[in-house]
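Comments concern the structure below.
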Amino acid sequence: MKLRRPDRGFATPDHYVLTNSRLIKDIPDPDHRRLVEQIRENAAETGVTLFDLGDERQGIVHVVGPEQGVTQPGLTLVCGDSHTSTHGALGALAFGIGSSEVTHVMATQCLWQRKPKAMRVSVEGTLAPGISAKDVILAIIAKIGAAGAVGHVIEYSGSAIRSLSIEGRLTVCNMSIEAGGRAGMVAPDDKTIAYLEGRPFAPKKAEWDKAVAFWRGVPSDEGATFDRDVSLQASEIVPMLTWGTSPEDALPITGRVPSPAAADAAKRDGIKRALDYMDLVPGTPLDQVAVDRVFIGSCTNSRIEDLRQAAEVAKGRKTVIPAWVVAGSGLVKKQAEAEGLDRIFREAGFDWREPGCSMCVGMNGDTGLPGQRIASTSNRNFIGRQGRGVRTHLLSPAMAAAAAVTGRFTDVRRLLA
Amino acid sequence: MEPFIHLTAIAIPIDQANIDTDQIIPARFLGKPRPQQAAGFFHDTRLDPSGRPREGVTLNNPAYAGAKIIVAGDNFACGSSRENAVTVMVDHGFRAFIAPSFGDIFFGNCFQNGVLPIRLPADRVARIRAILHELPGAEISIDLAAQSVLGPDGLSDRFEIDPFRKDCLLRGVDEINLTLGYEKDIAAFEARQRRELSWL
Ligand code: SF4
């Protein structure tokens, strides 16, 4: 197939790559090896830009796009992956599509769409120390539910969102899909523009000025109205984690495992089923639940700031359970190594691995064992997501590091104090 | 693509809300060729770790054999964009899904494969599921042109559908060819984009 605009296409292998080798020949499953070879062949044939295995720019597509300056305000950006919502953090309209629609876009540079509904989620105030973007988005999903934003694009606004770094905004927008929203976005501002300046695929010189002028016009108008408005107070957000099998099953670390008996009838069965799968007893304080394994990575939380936050907790401590750190891209890994974060992690007993999706979805073979309880910085705690029978709890990088050094869920604020 | 006009078929109920596409086809089946993906269909829901069918799972009940319609809970097929979630169900014979709401990406992917996702009010969907549990093997009739669903209780409901999507399904059109018919408009848009957003 001939692509209409190959220069607007970008590719990187992420789901099927190994995290202990950079060599295609080491991929044990022949079907998976073939897929990683195919992306190389297809990119050469079609002319799309490839950040290939072995290139330091390779990584999880949603880490690579913003990092390379491919993601820009005002763009419509699509990818055959639901977490394309991540890119909205830079003010792009970015959403995941299926493979047929990807083909359609490649052939025509178009997509048939109806205007979605608009939802505004405002978070006002100041986040307390130890509270990260991950806690913010988990609190939002807990509030509106996993289907809360179906049919909507979410705009995140308010002083707490504006005060987040671009990396934090990427984390928030990433999980829009877990709230049912197909896209999430944050209005571009000075931080967005500063973030993009000098990135390889960002416009240069006179084009840069022209682009910035356009980007300044992208934010919603003052007084814009939304189909739905939701607001949260930043000061009320504490470290969060999920207890169940839907991302909406999120609670503060200070909470207890919920009881089906206390829930309304419509929810009772679902809670019971989730607790059975998760092997949790109602009423147990969440910070007394023991963890078997820790995964720090994924397109939600594998950027340099995430690694810094985890390293701050890991520093000078020792892991008591197996714990992995998987940087989101080769460049994030390199940056972390330049800052000495890899040494902190290694000395604390963490496994420091090569970039890719890894245990977020386990398609490359990085899975847990049946029955294992994993503290994970990824975005989905679905049944079997990290391997058959694996129990996934979602939390922030700092909270994941805290679990790694204590062997149970721990309020990271206690370790930071 | 095969047009979708009428469908009268056995319907199978799936009660839980937020059934994600990882349940419909676990990730470990995705890298395989399509014929081998068929085994992934609700694999971990249907089978226990030793590969034996689990008892009490509706999907294993032979009374629903040959079902072409799934009647599901809220937010059906949320999560991952994997189009395999649609194709694996198509390969198991399903042509229509009825739920109070769907994962947005799955909803779009259905139309790419000539299958019809139908939204009906939650209480009506719950009622239909209850009847299907009571009368396994009962049929539902869908008439796309009339936008109506005739339930197993003989009651009919009208559903809403985007007119563009409806037309594409009824005619079984290939979307790429359809879009390429708008070449002049696309070229004009691109020319303007080159002027106004010249860095792209
Ligand atoms: S890190 Fe996980 S959620 Fe993100 S793209 Fe990879 S598999 Fe998908």
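First to last, the protein sequences are chains A and B.
Read in this note's numbering, the first sequence has 1145 at position 61, and its numbers run on one by one without any break.
Read in this note's numbering, the second sequence has 160 at position 113, and its numbers run on one by one without any break.
Ideal Cβ placement from N, Cα and C applies to all residues, glycine included.
Using the Cα positions of residue i and residue j, report the straight-line distance between them to the nearest angstrom.
| i | j | result |
| --- | --- | --- |
| Arg1497/A | Thr1326/A | 18 Å |
| Leu1425/A | Asp1273/A | 30 Å |
| Gly1473/A | Arg1106/A | 29 Å |
| Ile165/B | Ser1460/A | 35 Å |
| Asp1113/A | Ile1144/A | 20 Å |
| Pro1336/A | Val1322/A | 6 Å |
| Ser195/B | Ala124/B | 22 Å |
| Arg1387/A | Ala1398/A | 16 Å |
| Asp138/B | Ala85/B | 7 Å |
| Leu94/B | Pro1454/A | 15 Å |
| Leu163/B | Leu1391/A | 44 Å |
| Arg1253/A | Gln83/B | 39 Å |
| Gly1491/A | Gly1214/A | 19 Å |
| Lys1351/A | Val1416/A | 41 Å |
Spatial neighbours of residue i within its chain, please: CB distance less than 8 Å, with the 5 preceding and 5 following residues excluded, ordered by chain position.
| i | result |
| --- | --- |
| Pro73/B | Gly87, His90 and Asp91 |
| Gln70/B | Phe89, Asp91 and Thr92 |
| Trp1299/A | Gln1156, Pro1157, Gly1158, Gly1175, Pro1272, Thr1276 and Ile1277 |
| Cys1194/A | His1188 |
Which residue marks the beginning of the alpha helix (DSSP H) containing residue i, and which one marks its end?
| i | result |
| --- | --- |
| Pro60/B | It is not in any alpha helix (DSSP H) - Pro60/B instead sits in the beta strand (DSSP E) that spans His53 to Pro60. |
| Tyr1100/A | Counting along the chain, Tyr1100/A falls outside any alpha helix (DSSP H), and DSSP gives it neither H nor E. |
| Ile165/B | No alpha helix (DSSP H) contains Ile165/B, which is instead part of the beta strand (DSSP E) from Leu163 to Arg166. |
| Thr1326/A | Not the alpha helix (DSSP H): Thr1326/A falls in the beta strand (DSSP E), residues Met1324 to Thr1326. |
| Arg1352/A | Ala1349 to Met1362 |
| Phe236/B | Glu230 to Glu243 |
| Gly150/B | Counting along the chain, Gly150/B falls outside any alpha helix (DSSP H), and DSSP gives it neither H nor E. |
| His180/B | Ala169 to Glu181 |
| Ala1395/A | Ile1388 to Ala1398 |
| Val118/B | No alpha helix (DSSP H) holds Val118/B; the beta strand (DSSP E) holding it covers Ile116 to Val118. |
Determine the extent of the beta strand (DSSP E) in which residue i is found, giving its start and end residues.
| i | result |
| --- | --- |
| Arg1377/A | Arg1377 to Ile1380 |
| Phe1429/A | Run containing Phe1429/A: none in the beta strand (DSSP E); it sits in the alpha helix (DSSP H), Leu1425 to Ala1432. |
| Ala1113/A | Sequence check: residue 1113/A is Asp here, not Ala. Counting along the chain, Asp1113/A falls outside any beta strand (DSSP E), and DSSP gives it neither H nor E. |
| Trp1436/A | Asp1435 to Arg1437 |
| Tyr1240/A | His1236 to Ser1241 |
| Ser1531/A | Residue 1531/A is absent from the structure shown; chain A starts at 1085 and stops at 1501. |
| Met1269/A | Ala1267 to Met1269 |
| Ile1321/A | No beta strand (DSSP E) holds Ile1321/A; DSSP gives it neither H nor E. |
| Ala1263/A | First-last for Ala1263/A: undefined, no H or E at that position. |
Which class does residue i belong to by DSSP, given the choice of helix, strand or coil?
| i | result |
| --- | --- |
| Arg1198/A | coil |
| Arg1124/A | helix |
| Arg205/B | strand |
| Cys1163/A | strand |
| Phe1310/A | coil |
| Gly1093/A | coil |
| Ile145/B | strand |
| Ser1216/A | coil |
| Thr1168/A | helix |
| Gly155/B | helix |
| Met1203/A | strand |
In its own chain, which residues sit with a C-beta less than 6 Å from the C-beta of residue i, not counting the 5 before and 5 after it?
| i | result |
| --- | --- |
| Pro1097/A | Val1120, Ile1123 and Leu1137 |
| Ala1233/A | Met1203, Ala1263, Gly1264 and Gly1265 |
| Pro1287/A | Ala1295 |
| Asp1313/A | Arg1204 |
| Thr68/B | Ala124, Gly126, Ser127, Arg129 and Ala132 |
| Leu54/B | Arg142, Ala143 and Ile189 |
Identify, in the order they occur along the chain, each residue of the same chain with its Cβ nearer than 7 Å to the Cβ of residue i, setting aside the five sequence neighbours on each side.
| i | result |
| --- | --- |
| Asn1104/A | Arg1437 and Glu1438 |
| Asn156/B | Glu130 and Val133 |
| Arg1469/A | Val1445 and Thr1476 |
| Val1101/A | Val1120, Leu1137, Gly1440 and Asn1448 |
| Phe158/B | Arg212, Cys215 and Leu216 |
| Gly1071/A | Since the first residue of chain A shown is 1085 and the last is 1501, residue 1071/A is not available in this structure. |
| Pro60/B | Thr105, Val118, Arg176, Leu179 and His180 |
May I ask you to list the residues that DSSP assigns as paired with residue i?
| i | result |
| --- | --- |
| Pro1369/A | Arg1340/A |
| Asp255/B | As shown, chain B starts at 48 and ends at 247. That puts residue 255/B outside it, with no answer to give. |
| Ile189/B | Leu54/B and Val196/B |
| Gly1143/A | Ser1413/A |
| Pro73/B | Note: Pro73/B sits in no beta bridge, so no partner. |
| Met136/B | Met136/B is not bridged to any residue. |
| Gly1180/A | Cys1163/A |
| Ile1458/A | Arg1377/A and Thr1476/A |
| Pro100/B | Leu94/B |
Cβ of residue i versus every heavy atom of the ligand GTP: is any distance shorter than 6 Å?
| i | result |
| --- | --- |
| His1167/A | Of the ligands one can find in the structure shown, namely the ligand SF4, none is the ligand GTP. |
For residue i, would you say it is in contact with chain C, using Cβ-to-Cβ distances shorter than 7 Å as the test?
| i | result |
| --- | --- |
| Leu1119/A | No chain C is part of this structure, whose protein chains are labelled A and B. |
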